[in-house]
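A quick write-up on the structure given underneath.
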Amino acid sequence: MAVRPTVIWPDARLREPTVEVVEIDDSVRALYQDLCDSMYAENGLGMAAVQIGDNRKMFIVEPKLAGFTDKDLPIAFINPVVLESSDDVQDSEEGCLSFPDIYIKVKRPMRTRVRALGIDGKLFEISGEALLARCLLHENDHLTGKLLVDFVGPLKRQMIKKKLQKVKDAIAEDAEA
Ligand SMILES: [Zn+2]
Numbered sequence: 005m006a007v008r009p010t011v012i013w014p015d016a017r018l019r020e021p022t023v024e025v026v027e028i029d030d031s032v033r034a035l036y037q038d039l040c041d042s043m044y045a046e047n048g049l050g051m052a053a054v055q056i057g058d059n060r061k062m063f064i065v066e067p068k069l070a071g072f073t074d075k076d077l078p079i080a081f082i083n084p085v086v087l088e089s090s091d092d093v094q095d096s097e098e099g100c101l102s103f104p105d106i107y108i109k110v111k112r113p114m115r116t117r118v119r120a121l122g123i124d125g126k127l128f129e130i131s132g133e134a135l136l137a138r139c140l141l142h143e144n145d146h147l148t149g150k151l152l153v154d155f156v157g158p159l160k161r162q163m164i165k166k167k168l169q170k171v172k173d174a175i176a177e178d179a180e181a
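For my numbering, count along the sequence shown from 1 and bump the result up by 4.
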């Protein structure tokens, strides 16, 4: 159980191919716990394993957003598959823990349906609308190496890169101090 440092873009680990989880064992449960601790430490709505430097196909979503209460545990999505997405879209600003303080307008389907394995090893399906659909598709993108900067042009991407390099330098300096 530990808060792990969030991998911030540009970092090659965010583009690494992800691997299927073959068995829900202690190491997967430990990863889930670290993901929960790390997401809550950053006040995130969701977090993918690649964002804490683990390339297994897994992400979590904050329980309230997923239709549960804040007393419930975050929902784990292991080896998720997007079953369907609506043709009607939503277009609003999106953030990402790997892009601190960066918000980008991203067009996404208004509704989606995802199937995944839970942390209990059972297959489940969830339908999401609006912000939940956005969150599910955003986290699922992480498992294919797709990132917020893939939705902007080269100029804006360069600007974001400069800004985040400064953030990363500041974190490195703090670690040295
Ligand atoms: Zn993200």
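Cβ atoms here follow ideal geometry from the backbone N, Cα and C, with glycine treated the same way.
Examine ligand 1 and report whether any of its heavy atoms sits within less than 6 angstroms of the Cβ of residue i.
i: C40; result: no
i: C139; result: no
Would you mind sorting residue i into buried or exposed? The rule is 16 or more other CB atoms within 10 Å of its CB.
i: A53; result: buried
i: N47; result: exposed
i: A179; result: exposed
i: Y36; result: buried
i: V26; result: exposed
i: F128; result: exposed
i: P113; result: buried
i: V153; result: buried
i: L214; result: In the structure displayed, the chain extends from 5 to 181; residue 214 sits before or after that span and is not available.
i: L147; result: buried
i: D29; result: exposed
i: L18; result: buried
Do residue i and residue j have their C-beta atoms within less than 7 angstroms of each other?
i: I175; j: S102; result: no
i: K111; j: D95; result: yes
i: L136; j: L69; result: yes
i: L120; j: P84; result: Just to set this straight, residue 120 is Ala in the shown sequence, not Leu. For A120 and P84, yes; Cβs fall inside 7 angstroms.
i: G50; j: E143; result: yes
i: I108; j: E98; result: yes
i: P104; j: V171; result: yes
i: A16; j: D38; result: no
i: P14; j: K165; result: yes
Do you know whose CA, among the options, lies nearest residue i's CA?
i: F81; options: K61, F72, T10; result: K61
i: V65; options: G132, D15, D92; result: G132
i: R118; options: C139, D124, G125, C100; result: It should be noted that the sequence gives Val, not Arg, for residue 118. Residue C139 is the option with its Cα nearest to V118.
i: V93; options: F72, A134, P78; result: A134
i: S90; options: T73, L77, R115; result: R115
i: G57; options: G122, I164, I123, G149; result: G149
i: I123; options: L159, E20, P78; result: P78
Roughly how far, in whole angstroms, is the beta-carbon of residue i from the beta-carbon of residue j, given that I think they are within contact range, below 8 angstroms?
i: R8; j: S42; result: 5 angstroms
i: T10; j: Q55; result: 6 angstroms
i: E24; j: N59; result: Not a contact, Cβ separation roughly 11 angstroms.
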